[in-house]
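S.K.: My questions will all concern the structure given below.
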Ligand code: HEM
Ligand SMILES: Nc1ncnc2c1ncn2[C@@H]1O[C@H](COP(=O)(O)OP(=O)(O)OP(=O)(O)O)[C@@H](O)[C@H]1O
Ligand SMILES: Nc1ncnc2c1ncn2[C@@H]1O[C@H](COP(=O)(O)OP(=O)(O)OP(=O)(O)O)[C@@H](O)[C@H]1O
Ligand SMILES: [Mg+2]
Ligand SMILES: [Mg+2]
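Protein chains in written order, with the numbering used here: chain A, 156 to 390; chain B, 156 to 390; chain C, 277 to 502; chain D, 277 to 502; chain E, 327 to 551.
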């Protein structure tokens with residue numbers, strides 16, 4: 156398989172925080188259309204790996220390629236959508252201004268149209284001119300989702316997207332993610348909420364103290380018993 | 156029943172953020188030994204209510220009494236343990252120094268002994284002299300639990316204690332909480348992780364846009380189907 | 277004296293955390309040196325003029341560098357929401373305030389003590405002629421600064437513009453205290469004793485401290501509870 | 277000119293957010309006033325002395341008040357981890373830097389423009405005799421300040437002691453630029469033209485800007501990625 | 327009803343101001359050694375009094391807010407601070423003009439001028455402080471505390487001319503000086519006029535504040551999902 160046919164390819168990735176190796180020798184090939192649940196205990200290195208994939212932090216050793224290109228290249232970044240712990244939207248701007256800003260930065264042909272479309276899809280159209288400062292937590296998270304999906308990225312990197320959301324907000328997010336899967340987008344998401352994640356995932360990657368303990372398809376056992384994975388692959 | 160026999164009594168509590176009522180007319184009597192799961196959608200007012208119970212914020216109208224006394228009284232505060240969103244421990248101090256500090260502030264007879272005891276109970280005894288700055292997220296959360304339980308409070312107020320914890324850390328916390336229940340302590344905890352919460356809870360309080368939608372025992376239906384509650388009591 | 281013990285516990289905690297990282301004290305010291313340096317570039321006075329200016333110069337340096345220390349007083353509690361735990365603990369707001377003020381006072385005082393000899397060397401000025409009265413002025417003025425700074429550190433701790441709001445609100449309030457400190461310091465650095473004429477300023481300083489310390493102790497509970 | 281368009285988008289975003297809250301500009305303006313006030317009673321010069329001091333006084337005020345604006349440049353991105361989204365977006369680090377620098381420059385320049393007349397009134401000094409050369413000096417020195425400040429704002433944005441580190445790192449680096457600005461401003465406020473003697477300083481200013489602007493544009497990518 | 331009161335007060339203020347302007351410029355003679363410019367005092371002095379009174383009202387409102395937690399007092403405190411700030415600005419600007427004419431300089435750093443300027447800055451800081459806090463209860467509480475601290479500067483403004491030697495004239499209305507009875511009357515009447523103007527501003531501002539609160543909560547309701 157050529158490099159360009161692999162959505163996210165990590166080869167021998169190490170990351171050190173001082174002397175401590177937060178990631179050790181990660182080898183990973185995620186194909187287009189796969190939805191990977193990135194699991195692991197606290198401190199396993201999920202956030203670290205996702206940030207390197209997103210180009211927000213550099214790997215100590217090894218490289219990550221997205222569709223065969225380095226992550227920091229402009230063209231690559233245009234194809235990647237990131238949703239981190241923070242929501243990355245501006246409190247002093249309105250919902251529509253936030254989306255318009257990112258639409259422009261991503262060089263969309265018609266930032267306004269995309270922005271309105273995504274406001275509608277996340278159920279925020281009534282609040283489009285409200286300042287984000289006045290939004291409730293659920294509304295903010297929805298807007299953050301809209302921002303991450305705005306430029307219709309081929310690869311989506313999500314860090315604990317379900318945390319602290321209520322059932323309704325989770326439903327919106329799951330719906331958006333499911334649609335993205337249907338459209339053939341690649342998704343990598345870290346989470347501790349195994350049920351929600353495994354429900355959606357086609358593949359599972361398990362990090363164990365910075366090492367990749369398991370990478371493969373999500374099997375029916377996992378779905379039936381969420382403890383199964385940790386019992387089998389985590390020491 | 157006399158006032159002093161009610162662990163947490165809220166009478167006609169309102170809280171306004173400006174004109175917006177974050178809590179409306181909350182009436183609640185939690186008896187000693189009950190374990191209440193405080194549920195509700197994003198923005199329902201869970202954090203607001205817990206903070207008022209903890210004396211961290213004042214009610215706009217109405218009062219909350221703990222064993223019959225106002226929450227801001229010194230004696231009352233000595234009987235209450237709080238674990239909020241943040242972990243409330245100092246990064247620059249070691250684990251034992253943190254616990255010793257709070258032991259002194261709570262006026263414990265022997266801060267050192269209690270501190271060591273709780274370090275052991277949360278599995279942190281090997282890291283007792285390590286600076287918290289170097290702890291992983293799971294270790295921090297354990298230390299935070301130790302801090303909240305250190306003075307053996309009669310009333311425990313926990314705001315989303317399970318968030319972002321892995322299964323092992325959740326197990327430690329559940330174990331500690333179960334033991335607290337057995338000792339007859341009163342527990343109020345908010346969460347979006349219904350399964351973990353309902354497993355532990357004896358009672359359920361459901362907030363719906365600042366109003367108390369349901370307060371009563373946890374029934375077997377709830378445990379069997381976590382969606383049941385919201386379908387029945389939330390509009 | 278439970279109250280006092282709790283204050284001391286808080287102060288000890290702050291000082292220990294500070295000694296471990298040394299961030300506030302190092303930063304304020306180097307900031308003070310940078311400002312002294314900047315001033316020596318900008319103004320070029322003779323020695324006599326310098327003596328007359330010394331009070332003003334020193335206290336401006338103290339005010340700017342001290343704001344960094346005072347800013348940390350409550351900012352220190354932000355990272356893990358530690359302030360919540362302190363407010364929830366069974367200690368009086370006034371005890372918390374006093375403990376924090378004490379720790380800041382010590383840090384400020386150390387910073388100022390280091391600045392004096394440096395200033396003497398940079399500008400070739402002997403400043404020790406009236407050593408003890410000078411220390412008295414230093415203690416009084418620093419306490420005034422500490423009380424106001426600590427109060428406003430608590431006030432601004434959860435604000436968006438914390439680092440800006442603190443000096444902005446504190447300096448105008450500090451003016452009487454600063455003015456008195458400047459006059460007294462200039463007088464003493466020039467080697468003149470505290471004669472009756474400048475005792476007016478001393479009284480102002482004492483009055484200022486009494487008024488603001490009591491105001492702070494009364495109001496701190498509402499500030500912390502918000 | 278995709279690059280330029282992106283810079284302008286960033287600058288427009290920053291200015292819009294700033295205009296909505298007006299916090300940085302208001303704060304730096306009132307801080308400037310507060311400092312003018314502090315200085316005025318710390319030092320008490322005659323009018324002629326004042327003219328000679330004016331450059332030093334003004335630029336110290338600009339340096340202190342400006343640090344607040346520059347601090348906000350990247351601090352603005354902290355609350356919701358917005359910087360991550362900007363770094364992840366397909367725009368060059370240099371474009372991001374330029375956009376932010378532009379916004380800060382405008383804010384700084386406005387602040388300085390307001391300070392001049394206020395200074396003129398408070399110290400009774402006519403400063404308009406050499407208006408356009410003065411503006412030139414102002415633009416050049418402010419740009420130097422902006423470039424260094426913006427770079428260090430990016431560098432310190434994730435530090436615990438952000439508000440302290442910025443001035444600490446920036447002021448010493450700024451000394452050549454400040455020195456030139458001070459000499460030139462004093463000269464021009466006193467009504468004297470830019471004669472060959474002070475043109476040395478002008479050249480220094482231009483050289484400073486060229487060197488640091490290029491350095492910043494080259495290095496910004498590594499600063500942002502950390 | 328409230329509308330009518332506002333209009334009535336505004337009308338009264340206008341009439342009074344017209345009368346005072348008439349007597350200031352057409353009836354009263356030039357002063358012996360100041361000439362024409364002394365007339366600015368009919369605005370300078372009452373503006374100062376109105377402003378300082380505003381500070382005192384703000385203090386009382388702030389204390390009352392801390393005691394009762396009633397947001398009306400908070401609204402009153404903001405409104406009266408804003409109005410007071412405007413009058414203090416009038417005082418400082420008129421004083422500055424006055425100084426330009428008779429001292430030859432716009433400004434000097436004597437105790438009165440400095441403390442008045444510091445007072446202005448402090449109360450401006452009060453407004454900035456409010457701007458920096460989003461949560462209404464917290465904003466009101468902290469602003470009230472600040473207002474109490476800030477009031478400490480007001481006695482200094484008032485007594486500065488007694489405590490220190492200042493370039494600013496010594497008091498003429500209290501503690502010593504004497505004044506022509508016609509000038510006295512005009513000053514007092516103009517004070518009443520300015521207070522009326524201030525009260526009108528205050529009422530309008532209060533209503534605006536109320537409307538703003540209503541709009542805010544309505545917008546929240548609309549946005550809430
Ligand atoms: C910007 C400059 C000035 C400021 C900020 C200022 C401020 C004030 C203030 C705050 C008051 C009222 C305080 C009180 O009555 O207790 C006052 C009163 C007064 N001012 Fe000024 N002033 C300024 C300039 C001047 C000048 C230039 C003159 C005239 C030469 C002047 C003459 C007076 C007089 C006669 C009073 C009434 C004093 C009394 O009887 O209490 N002021 N000024
Ligand atoms: N800035 C840092 N400095 C030092 N060590 C760090 C830093 N960030 C992370 N680490 C360490 O790297 C390891 C991996 O952290 P990471 O945040 O990636 O874990 P995670 O899998 O996301 O955990 P969690 O489930 O708690 O979010 C941890 O042991 C952590 O202590
Ligand atoms: N500081 C504040 N200023 C204004 N409104 C606030 C503030 N804090 C909370 N609110 C509002 O009060 C309501 C209740 O908030 P609260 O944080 O208690 O909700 P919650 O139930 O804890 O939600 P979550 O599940 O998201 O934590 C929300 O509508 C929120 O927007
Ligand atoms: Mg993580
Ligand atoms: Mg909450």
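Beta carbons are placed, not taken as given, at the ideal position from N, Cα and C, and that holds for glycine.
1) Can you look up residue 452(E) in the DSSP assignment and give me helix, strand or coil?
2) Return the residues of the segment 175-200 of chain B that lie within a Cβ-Cβ distance of less than 7 angstroms from chain A, sorted by chain order.
3) Looking only at its chain, what residues have a beta carbon closer than 7 angstroms to the beta carbon of residue 502(E), apart from the 5 residues adjacent to it on each side?
4) According to the Cβ coordinates, are residue 397(D) and residue 432(E) closer than 7 angstroms?
5) Using a Cβ-Cβ distance cut-off of 7 angstroms, determine whether residue 431(E) contacts chain D.
6) Among 330(A), 267(A), 186(A) and 381(A), which has the Cα closest to the Cα of residue 220(A)?
7) Where residue 499(D) and residue 359(C) are concerned, what is the direct C-alpha to C-alpha distance, given to the nearest angstrom?
8) Determine, using beta-carbon pairs with one atom in the segment 363-371 of chain A and one in the segment 295-314 of chain A, whether at least three such pairs fall under 8 angstroms.
9) Counting pairs of Cβ atoms below 8 angstroms between the segment 372-392 of chain D and the segment 445-458 of chain D, do you hit three or more?
10) Interface residues of chain A around residue 354(B) at Cβ under 9 angstroms?
11) To which residues of the same chain is residue 428(C) closer than 6 angstroms at the C-beta, ignoring the five residues directly before and after it?
12) Starting from residue 428(E), follow the beta strand (DSSP E) in both directions and report where the run begins and ends.
13) If we cut at 7 angstroms on Cβ distances, does residue 412(C) have a partner in chain E?
14) Going by C-alpha distance, which of 448(D), 457(D), 373(D) and 465(D) is nearest residue 395(D)?
15) If you drop the 5 nearest sequence neighbours on each side, which residues of the same chain put their C-beta closer than 6 angstroms to that of residue 390(E)?
16) Thinking just about the alpha-carbon of each residue, which of 361(A), 207(A) and 353(A) is nearest to the one in residue 165(A)?
17) Taking C-beta pairs closer than 7 angstroms, name the residues in chain B that residue 539(E) reaches, listed in chain order.
18) For residue 377(B), count the other beta carbons within 10 Å of its own beta carbon; 16 or more makes it buried, fewer makes it exposed. Which is it?
19) Can you pull out the residues from the segment 197-221 of chain B whose beta carbon lies closer than 9 angstroms to at least one beta carbon of chain C?
20) Is there a Cβ of chain D sitting closer than 7 angstroms to that of residue 502(E), yes or no?
21) List the residues of chain F that residue 297(C) touches, going by C-beta distances under 8 angstroms, in chain order.
22) Could you tell me if residue 541(E) is buried or exposed, where buried requires 16 or more neighbouring beta carbons within 10 angstroms of its beta carbon?
23) Mind listing which residues of the segment 427-440 of chain C have their C-beta closer than 9 angstroms to chain D's C-betas, in chain order?
24) What does the shell around ligand 3 hold, if a residue joins when its beta-carbon is under 5 angstroms from any heavy atom?
25) Along the chain, where does the beta strand (DSSP E) that runs through residue 363(C) open and close?
26) Which residues in chain C sit within 9 angstroms of residue 388(B), going by Cβ to Cβ distance?
27) Could you compute how far the alpha carbon of residue 439(E) sits from the alpha carbon of residue 461(D)?
28) Tell me whether residue 239(A) counts as near ligand 2, meaning its Cβ is closer than 6 angstroms to at least one heavy atom of that ligand.
29) Is it buried or exposed for residue 406(D), if we count other Cβ within 10 angstroms and need 16 for buried?
30) Cβ of residue 439(E) versus every heavy atom of ligand 1: is any distance shorter than 6 angstroms?
31) Do you know whose CA, among 189(A), 385(A), 176(A) and 173(A), lies nearest residue 161(A)'s CA?
32) Skipping 5 residues on each side, what residues in its chain have a beta carbon closer than 6 angstroms to that of residue 491(D)?
33) Could you tell me which residues DSSP puts in a beta bridge with residue 172(A)?
M.R.: In this structure, then:
1) Helix, per DSSP.
2) Taking 7 angstroms as the Cβ-Cβ cut-off against chain A, the residues of the segment 175-200 of chain B that qualify are 196, 197 and 198.
3) Per-residue confidence for residue 502(E) stands at a pLDDT of 49, beneath the threshold of 50, marking its modelled position as unreliable; the derived number appears in the next sentence. The beta carbon of residue 502(E) sits closer than 7 angstroms to the beta carbons of 496 from its chain, once the five residues preceding and following it are set aside; these are given in chain order.
4) Result yes, Cβ atoms of residue 397(D) and residue 432(E) sit closer than 7 angstroms.
5) It does: the Cβ of residue 431(E) has a partner Cβ on chain D nearer than 7 angstroms.
6) For the residues 330(A), 267(A), 186(A) and 381(A), the minimum Cα distance to residue 220(A) belongs to 186(A).
7) So the two alpha carbons sit approximately 33 angstroms from each other.
8) With the cut-off at 8 angstroms, the segment 363-371 of chain A and the segment 295-314 of chain A do not touch.
9) Between the segment 372-392 of chain D and the segment 445-458 of chain D, the count of Cβ pairs shorter than 8 angstroms is below three; the stretches do not touch.
10) The contacting residues do not exist; residue 354(B) stays about 14 angstroms from chain A at best.
11) Only 442, 445 and 446 meet the Cβ criterion.
12) For residue 428(E), there is no enclosing beta strand (DSSP E); the residue is found in the alpha helix (DSSP H) stretching over 397-428.
13) Answer no: the Cβ-Cβ gap between residue 412(C) and chain E never drops below 7 angstroms.
14) For the set 448(D), 457(D), 373(D) and 465(D), the Cα lying nearest the Cα of residue 395(D) is the one of 465(D).
15) Taken in chain order, the residues that qualify are 399.
16) Answer by Cα proximity: 207(A).
17) Near residue 539(E) (Cβ distances below 7 angstroms), the residues of chain B are 173 and 174.
18) When all chains shown are included, residue 377(B) counts as buried.
19) Answer in chain order: 206, 209, 210, 211, 212 and 213.
20) At residue 502(E), the pLDDT of 49 sits below 50, so the modelled position is not reliable; the number obtained from the coordinates is stated separately. No, because no Cβ of chain D sits closer than 7 angstroms to the Cβ of residue 502(E).
21) In the displayed structure, chain F is absent; the protein chains listed are A, B, C, D and E.
22) With fewer than 16 other Cβ atoms within 10 Å, it is exposed.
23) Taking 9 angstroms as the Cβ-Cβ cut-off against chain D, the residues of the segment 427-440 of chain C that qualify are 436, 437, 438, 439 and 440.
24) One residue after another in chain order, those with a Cβ under 5 angstroms from a heavy atom of ligand 3 are 291(A), 292(A), 172(B), 177(B), 197(B), 198(B), 199(B), 200(B), 201(B), 202(B), 203(B) and 461(E).
25) Segment 358-364 is the alpha helix (DSSP H) holding residue 363(C); no beta strand (DSSP E) there.
26) At a beta-carbon threshold of 9 angstroms, none of the residues of chain C lie near residue 388(B); the nearest stands roughly 30 angstroms away.
27) Straight across, the Cα-Cα distance linking residue 439(E) with residue 461(D) is about 27 angstroms.
28) Checking every heavy atom of ligand 2 against the Cβ of residue 239(A), none is found closer than 6 angstroms.
29) With 16 or more other Cβ atoms within 10 Å, it is buried.
30) Yes, the beta carbon of residue 439(E) sits closer than 6 angstroms to at least one heavy atom of ligand 1.
31) Nearest option by C-alpha distance: 189(A).
32) Closer than 6 angstroms at Cβ, skipping near neighbours: no residue.
33) Under DSSP, the beta-bridge partners assigned to residue 172(A) are 175(A).
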